[in-house]
Amino acid sequence: MPKGVFIAHWDDFRGLVVEHKYPTSIMLTEKDLNMVYYHHEKGRTGSLQYVELENMRVASLASSGRPLWIVVFVLDEGEEIEGQEDVLLGMGRYVLAMLAQHPEGVDVKDVLENQRMLHRPTPEQEYADIFLTPSSALLLERMEQEGIDRATRLAVWLNTQVQSEEIDIRAVAAPLMKSGVVRVEKVQGAGETVFLVRDVFAYRAPPVQALQYALETMVHIAEVYQDRVTEFFSPPPPEKGYNPTAATDDPNSPLLEDRQRIAEILRNGIHYEVVRCLRERPMTLAEISQATTFPVELVQKVLWALEAEKVTTHVDGGSLWVLLTDPTIEAFMPEFVLPDVFRKMKDRELDAKVVMRYLELLDEEWGRAE
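Residues 1104 to 1473 (our numbering) are what the sequence shown spells out, left to right.
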């Protein structure tokens, strides 16, 4: 385990400012910290960086926003990195999330001694990145229509859509590639080609597991809880409720623009952990705090924020918190594009080699799925 930790950020007037460190006796010179900061300032955020200083080794993680915060772990002499990278990343993510949402609750001693962590983003959270970048969401909608397209053609189309000649198609496609939604390959005779191998759908699902738990073990709240969920999804007429399968052009539909709000909730690591707890069963504030290792006052703020978004509500006189709606992003096989793909091959709009490669990719992705 690291023998110390520093948390610092850049201030335009004061330079690199150390806000927290533990233990207080540990020292890093300003030169050392600037060297660590330099690596992240060049854009290498999201992964651990290792720097060999004159008399010590450090591992660091940085935020992606401004100001750029860095969490620096000082390693013991001769300490091996292998085997503890996930722990360091998890603690770094935890600290950065706390700095963003609850800076007064940052306790570096507690983080280090008890290994407080936020785990690696789940596939569901990586899908959320697509909907947080307007151009990426636009590109997904295009691929849902095409199934296969040439990268150069997509770039021209996207430039036209956003009225800009400076769109980097690879940067726009990055969230889709990272989450496995598209594959980009060079196919002989067709150049660089983009294939849609997964489709994704973001919606609010009923909290089935939590409701079932309440019906089986918490009878005193089950009826009230079920009524709340029913009122949201299937209210009495003339209200329409929330139906993610209903196509609508109504600008007042609760479905429109809800996708981005769902993505924002899932991509926020602290909010996501609270939602994950409540997916299992109703909990008290103290139980959620214990399960997530977040301070009670932070959990309370998160629950209030989620309540405002119609994700949580409280029952049993306010002592129990429950999931009202479950923000969900699911992936499925894009078989609906296959008829158009074969039609394009028949009309010679797509090369047969490209189509065969697409079928191979779909088989690799879904053929062995249980």
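Each residue gets a CB set at the ideal place from its N, CA and C atoms; glycine is no exception.
Buried or exposed by the 16-neighbour rule on C-beta atoms within 10 Å, applied to residue i
i	result
residue 1397	buried
residue 1323	exposed
residue 1395	buried
residue 1451	exposed
residue 1105	buried
residue 1121	exposed
residue 1107	buried
residue 1109	buried
residue 1282	buried
residue 1259	exposed
residue 1305	buried
residue 1349	exposed
residue 1473	The predicted model places residue 1473 with a pLDDT of 45, which falls under 50 and marks its position as unreliable; any figure quoted below should be read in that light. Residue 1473 should be labelled exposed.
residue 1175	buried
residue 1166	buried
residue 1461	buried
residue 1399	exposed
residue 1424	buried
residue 1150	exposed
residue 1057	Since the first residue shown for the chain is 1104 and the last is 1473, residue 1057 is missing from the structure and cannot be characterised.
residue 1361	buried
residue 1371	buried
residue 1446	exposed
residue 1337	exposed
Residues near residue i in its chain [Cβ-Cβ closer than 7 Å; skip 5 each side]
i	result
residue 1212	1125
residue 1218	1190 and 1194
residue 1332	1309, 1310, 1314 and 1427
residue 1443	1250
residue 1369	1227, 1228, 1231, 1375, 1430 and 1432
residue 1116	none
residue 1141	none
residue 1405	1373, 1374 and 1377
residue 1389	1399
residue 1248	none
Beta-carbon contacts of residue i that lie in its chain and below 8 Å, excluding the five residues immediately before and after
i	result
residue 1289	1295 and 1296
residue 1456	1290, 1291, 1292 and 1293
residue 1382	1310, 1312, 1313, 1426 and 1429
residue 1112	1119, 1120, 1122, 1170, 1171, 1172 and 1173
residue 1318	1325 and 1329
residue 1280	1286 and 1287
residue 1236	1275 and 1278
Under the three-state DSSP convention, the category residue i falls into
i	result
residue 1472	Only weak support is given to the placement of residue 1472: the predicted model assigns it a pLDDT of 49, under 50, and the value that follows is read from those uncertain coordinates. Three-state result, residue 1472: coil.
residue 1127	coil
residue 1466	helix
residue 1210	coil
residue 1152	strand
residue 1455	helix
residue 1161	strand
residue 1478	For residue 1478 there is no data in the structure shown, the boundaries of the chain being 1104 and 1473.
residue 1116	coil
residue 1205	coil
residue 1056	With the chain represented from 1104 up to 1473, any question about residue 1056 goes unanswered, as that position is not in the structure.
residue 1423	strand
residue 1430	strand
residue 1395	helix
residue 1332	helix
residue 1180	coil
residue 1414	coil
Closer than 7 Å: residue i CB and nearest the ligand FAD heavy atom
i	result
residue 1331	Looking for the ligand FAD in the displayed structure turns up nothing, as the structure carries no ligands at all.
Cβ shell of residue i (< 6 Å), same chain only, five flanking positions each side left out
i	result
residue 1469	1436
residue 1196	1221
residue 1179	1106
residue 1419	1324
residue 1286	1298, 1300 and 1464
residue 1156	1135
### Query
How about the region 1455-1467 and the region 1273-1285: do they share at least three Cβ pairs that are nearer than 8 Å?
no
### Message
As an exercise, report each continuous beta strand (DSSP E) stretch of at least 3 residues that is fully enclosed by the region 1288-1326, in chain order.
### Response
1294-1299 and 1302-1308
### Task
Decide yes or no for the touch test of the region 1408-1421 against the region 1224-1243: beta carbon pairs closer than 8 Å, at least 3 of them.
Note that the region 1408-1421 does not touch the region 1224-1243; fewer than 3 beta-carbon pairs, one per stretch, sit closer than 8 Å.
### Query
For the region 1340-1392, which segments carrying the alpha helix (DSSP H) assignment without a break, of at least 4 residues, lie completely within its bounds, in sequence order?
1361-1370 and 1372-1383
### Query
Contact between the region 1358-1371 and the region 1427-1436: three or more CB pairs below 8 Å?
yes
### Query
So, do the region 1233-1243 and the region 1199-1209 have three or more beta carbon pairs nearer to each other than 8 Å?
no
### Message
Suppose only complete runs of 3+ residues qualify. What are the beta strand (DSSP E) ranges in the region 1242-1291, listed by chain order?
### Response
1251-1253 and 1285-1290
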